[in-house]
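*Asks:* Residue numbers (the numbering used here), protein chains in the order written: chain A, 1 to 279; chain B, 1001 to 1247. Here a beta-carbon is modelled for each residue, glycine too, at the ideal position from N, C-alpha and C. Quick one: the structure is below, and I'll ask about it shortly.
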């Protein structure tokens, strides 16, 4: 009797949790969709913000472009470093102590609050390196934020690679570099692409790291790496926090969420496809 | 004529001694079988011969001479190109049959498409796989059966034109028909290559090898022409092993 009550309670607990989580997620998306959808027009998507205070009229075109560019810069920067770090740790590092140290540092990096990263980017890039508040400073700061995220996933993909197939390659007398580029990377490509897209979505949704390093209240779509940019999350924050326009902030949120969902679906499809191929 | 010569050779994993003071010479263009119970150091010996032992964190003492030259004075890439190895479990690369066979030649600078085609076809013919796969040479190597995969791995090891081919129980996961295929192929290969095969299967050693070495607990107990080992073993332990006393 006791056992049956226990399992019934357990079943209730897991099913209610599951329903609540899905409901909350759906509610957020639907709520934003309903509140924001009527404001979305081609003009909203394709024009600069206007009016006084700025944002009351017009659209969010520079913010969309700004966010996409920030994402692009951050993933290029983070990917190059993450790939190299993972290759070093898995295939070259001989010292277990160095490997452990690297892992601890990478985990700590993943735990740094994003606003602290913003402050770091501000002191190092904006002030010390004199890069100013710019697309580049903000993109690099976001890159530092998503670096551990990508590195961990690439390293995991490398570690899952069959050791015996790896040795078969070495036994042909080919070099490590050739093995990595011709055998391992092509096999891990899908894992790498899906980790990059997920990390890109993460970077795009972050406001804190870019507030101090490059994102501004108003700027036209950037023409150079040194221009300041608008970004969707910060624009959303300004619109709602300063009570400039609630309709427009919901519409901005909807655009941001739509882009993030698209990116996530893309990444998930890639991952699922890879699993099927493996079977 | 000896291709490989081991002198006072020891091998370790960590502090554990796997091979103890082994002296042995391997003859050119002959098939040499290494037999012995599990854990006697046969596979370790094989891995030592082309410096693959380094990849599994083993270390060695003593000398191994390849054509009279210490293998540690030759780069590990070079020694592995000239002494190929095929493992117990088939290890096809997860791409097409053709790409498996051109993987190493491309590394060694063969760029000409026609030359690559020739290499792939030639090695498939040697390994007896050509008739079976000629229409699907661009299909994934993972779709082949276990026996075909193993023959592909042997063909792949031959694409770099080694002098010696090491085989670590290549047939242990295969059925009788595939085993017979591989044995036939090895007998053919012995004309051009020196073959060293580790095997658990005594009748296999008897069928194909010219020389047989019997190892026990990391030591070489007896090494002679195969028919002598099987008909007139000198050591009591060899006799017991081939009569089936040890597992």
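Figure out for me which residue from 238/A, 195/A and 256/A has the closest Cα to the Cα of residue 270/A.
*Replies:* One-based indexing of the first chain puts residue 270/A at position 270. It is 195/A.
*Asks:* Where does the unbroken beta strand (DSSP E) through residue 1190/B begin, and where does it stop?
*Replies:* Residue numbering aside, residue 1190/B sits at position 190 when the second chain is read from its first letter. Run containing residue 1190/B: none; DSSP gives neither H nor E here.
*Asks:* Taking only beta-carbon positions, decide if residue 96/A is within less than 7 Å of chain B.
*Replies:* To locate residue 96/A, count along the first chain from 1; it is residue 96. No, residue 96/A lies away from the interface with chain B (no Cβ there is under 7 Å from its Cβ).
*Asks:* Under 7 Å between beta-carbons, which chain B residues line up against residue 182/A? List them in chain order, please.
*Replies:* The residue labelled residue 182/A in the question sits at position 182 within the first chain. 1103, listed in chain order.
*Asks:* In whole angstroms, what is the alpha-carbon distance linking residue 1042/B and residue 1113/B?
*Replies:* Residue numbering aside, residue 1042/B sits at position 42 when the second chain is read from its first letter. Residue numbering aside, residue 1113/B sits at position 113 when the second chain is read from its first letter. So the alpha carbons of these two residues sit roughly 40 Å apart.
*Asks:* Step through the CB atoms of chain B and report whether any lies within less than 7 Å of the CB of residue 100/A.
*Replies:* Start at 1 with the first residue of the first chain, and residue 100/A comes out as number 100. Cβ-Cβ to chain B under 7 Å: no for residue 100/A.
*Asks:* DSSP three-state call for residue 1010/B: helix, strand or coil?
*Replies:* Here residue 1010/B is taken as the residue at index 10 of the second chain, counted from 1. Residue state, collapsed to three classes: strand.
*Asks:* Tell me, please, which residues DSSP counts as bridged to residue 1164/B.
*Replies:* Sequence index remark: in the second chain, residue 1164/B carries index 164 (1-based). Paired residues: 1083/B and 1194/B.
*Asks:* Is there a C-beta anywhere in chain B that falls below 7 Å from the one on residue 281/A?
*Replies:* Within the shown structure, residues of chain A are numbered from 1 to 279, placing residue 281/A beyond reach of any answer.
*Asks:* Which residue spans inside the stretch 154-178 of chain A form an unbroken alpha helix (DSSP H) run of at least 4?
*Replies:* List check, alpha helix (DSSP H) in window: 163-170.
*Asks:* Once DSSP output is grouped into helix, strand and coil, what is the label at residue 38/A?
*Replies:* Start at 1 with the first residue of the first chain, and residue 38/A comes out as number 38. In this structure, residue 38/A counts as coil in the three-state DSSP scheme.
*Asks:* Please determine if the stretch 52-65 of chain A and the stretch 1001-1008 of chain B are in contact, where contact requires at least 3 C-beta pairs separated by less than 8 Å.
*Replies:* In short, these stretches do not touch, since the Cβ pair count stays below three.
*Asks:* Taking any Cβ of chain A, which residues in the stretch 1187-1209 of chain B have a Cβ under 8 Å from it, in chain order?
*Replies:* So nothing in the stretch comes that close.
*Asks:* Quick test of the definition: if touching needs 3 or more C-beta pairs under 8 Å, does the stretch 113-125 of chain A touch the stretch 37-54 of chain A?
*Replies:* Verdict: no, contact absent.
*Asks:* In whole angstroms, give me the CA-to-CA distance for residue 163/A and residue 1167/B.
*Replies:* For this step, residue 163/A is matched to residue 163 along the first chain. For this step, residue 1167/B is matched to residue 167 along the second chain. Cα to Cα, the separation comes out at about 18 Å.
*Asks:* Along chain A, in chain order, which residues have C-beta atoms closer than 7 Å to that of residue 1107/B?
*Replies:* Here residue 1107/B is taken as the residue at index 107 of the second chain, counted from 1. By Cβ distance, chain A contributes 174 and 178.
*Asks:* Classify residue 1024/B as helix, strand or coil using the three-state DSSP reduction.
*Replies:* Taking the first residue of the second chain as position 1, residue 1024/B is located at position 24. Looking at residue 1024/B - three-state DSSP - the assignment turns out to be strand.
*Asks:* From residue 12/A to residue 1088/B, what distance separates their C-alpha atoms?
*Replies:* In the first chain, counting from the first residue as 1, residue 12/A sits at position 12. In the second chain, counting from the first residue as 1, residue 1088/B sits at position 88. About 51 Å.
*Asks:* Look at residue 171/A and residue 1085/B and say whether their C-beta atoms are less than 7 Å apart.
*Replies:* For the purposes of this step, residue 171/A is identified with residue 171 of the first chain, where counting begins at 1. For the purposes of this step, residue 1085/B is identified with residue 85 of the second chain, where counting begins at 1. For residue 171/A and residue 1085/B, yes; Cβs fall inside 7 Å.
*Asks:* Sorted by chain position, which residues of the same chain lie with C-beta nearer than 6 Å to residue 2/A's C-beta, five sequence neighbours on each side aside?
*Replies:* Here residue 2/A refers to the residue found at position 2 of the first chain. Correct list: empty, nothing qualifies.
*Asks:* Decide yes or no for the touch test of the stretch 1201-1211 of chain B against the stretch 1045-1065 of chain B: beta carbon pairs closer than 8 Å, at least 3 of them.
*Replies:* These segments do not touch.
*Asks:* Is the CB-CB distance between residue 93/A and residue 99/A below 7 Å?
*Replies:* In the first chain, residue 93/A corresponds to position 93, counting from 1. In the first chain, residue 99/A corresponds to position 99, counting from 1. A contact, by the Cβ cut-off of 7 Å.
*Asks:* What does a CB cutoff of less than 7 Å around residue 145/A pick up in its chain, not counting 5 residues either side in sequence?
*Replies:* Residue 145/A sits at position 145 when you count from the first residue of the first chain. The residues are 114, 117, 203, 206 and 209.
*Asks:* Does residue 1151/B come within less than 7 Å of chain A when only Cβ atoms are used?
*Replies:* Within the second chain, the letter at position 151 stands for residue 1151/B. So, not an interface residue.
*Asks:* So what does DSSP say about residue 1/A, is it helix, strand or coil?
*Replies:* By 1-based counting over the first chain, the position of residue 1/A is 1. Of the three classes helix, strand and coil, the one that applies to residue 1/A here is coil, per DSSP.
*Asks:* For residue 1063/B, list the residues DSSP reports as bridge partners.
*Replies:* Residue numbering aside, residue 1063/B sits at position 63 when the second chain is read from its first letter. DSSP lists 1007/B as partners of residue 1063/B.
*Asks:* Between the alpha carbons of residue 18/A and residue 237/A, how many angstroms are there, rounded?
*Replies:* Within the first chain, residue 18/A is the residue found at index 18, counting from 1. Within the first chain, residue 237/A is the residue found at index 237, counting from 1. Cα to Cα, residue 18/A sits roughly 30 Å from residue 237/A.
*Asks:* Sorted by chain position, which residues of the same chain lie with C-beta nearer than 8 Å to residue 154/A's C-beta, five sequence neighbours on each side aside?
*Replies:* Here the question's residue 154/A lines up with position 154 in the first chain. Excluding sequence neighbours, residue 154/A sits near 82, 83, 86, 188, 191, 192 and 195.
*Asks:* Could you check whether the Cβ of residue 1185/B sits closer than 7 Å to any Cβ belonging to chain A?
*Replies:* As a working note, residue 1185/B is residue 185 in the second chain. Residue 1185/B does not count as touching chain A.
*Asks:* Pull up the DSSP beta-bridge partners for residue 1002/B, would you.
*Replies:* Counting from 1 along the second chain, the entry for residue 1002/B is found at position 2. The partner list for residue 1002/B (beta bridge, DSSP) reads 1027/B.
*Asks:* Between residue 279/A and residue 1063/B, what straight-line distance do the alpha-carbon atoms span, to the nearest angstrom?
*Replies:* Here residue 279/A is taken as the residue at index 279 of the first chain, counted from 1. Here residue 1063/B is taken as the residue at index 63 of the second chain, counted from 1. In this prediction, residue 279/A has a pLDDT of 41, which is less than 50 and means its spatial position is unreliable; what the coordinates show is noted afterwards. If you take the alpha carbons of residue 279/A and residue 1063/B, they lie about 45 Å apart.
*Asks:* Would you be able to state if there are at least three C-beta pairs under 8 Å between the stretch 1155-1165 of chain B and the stretch 1111-1126 of chain B?
*Replies:* Contact between the stretch 1111-1126 of chain B and the stretch 1155-1165 of chain B is present, because at least three Cβ pairs lie under 8 Å.
*Asks:* Let me know if residue 186/A comes out buried or exposed under the rule of 16 or more other beta-carbons within 10 Å of its beta-carbon.
*Replies:* The count along the first chain starts at 1 and reaches residue 186/A at position 186. Counting Cβ neighbours within 10 Å, residue 186/A comes out exposed, since fewer than 16 surround it.
*Asks:* Specify whether the stretch 32-44 of chain A and the stretch 216-233 of chain A touch according to this definition: at least 3 beta carbon pairs, one from each stretch, less than 8 Å apart.
*Replies:* The stretch 32-44 of chain A is not in contact with the stretch 216-233 of chain A.
*Asks:* Quick check on residue 88/A - is its C-beta less than 7 Å from some C-beta in chain B?
*Replies:* Here residue 88/A corresponds to residue number 88 of the first chain, with the count starting at 1. Not an interface residue.
*Asks:* Which stretch, first to last residue, makes up the alpha helix (DSSP H) that contains residue 1222/B?
*Replies:* Counting from 1 along the second chain, the entry for residue 1222/B is found at position 222. First-last for residue 1222/B: 1219-1225, but that is the beta strand (DSSP E), not the alpha helix (DSSP H).
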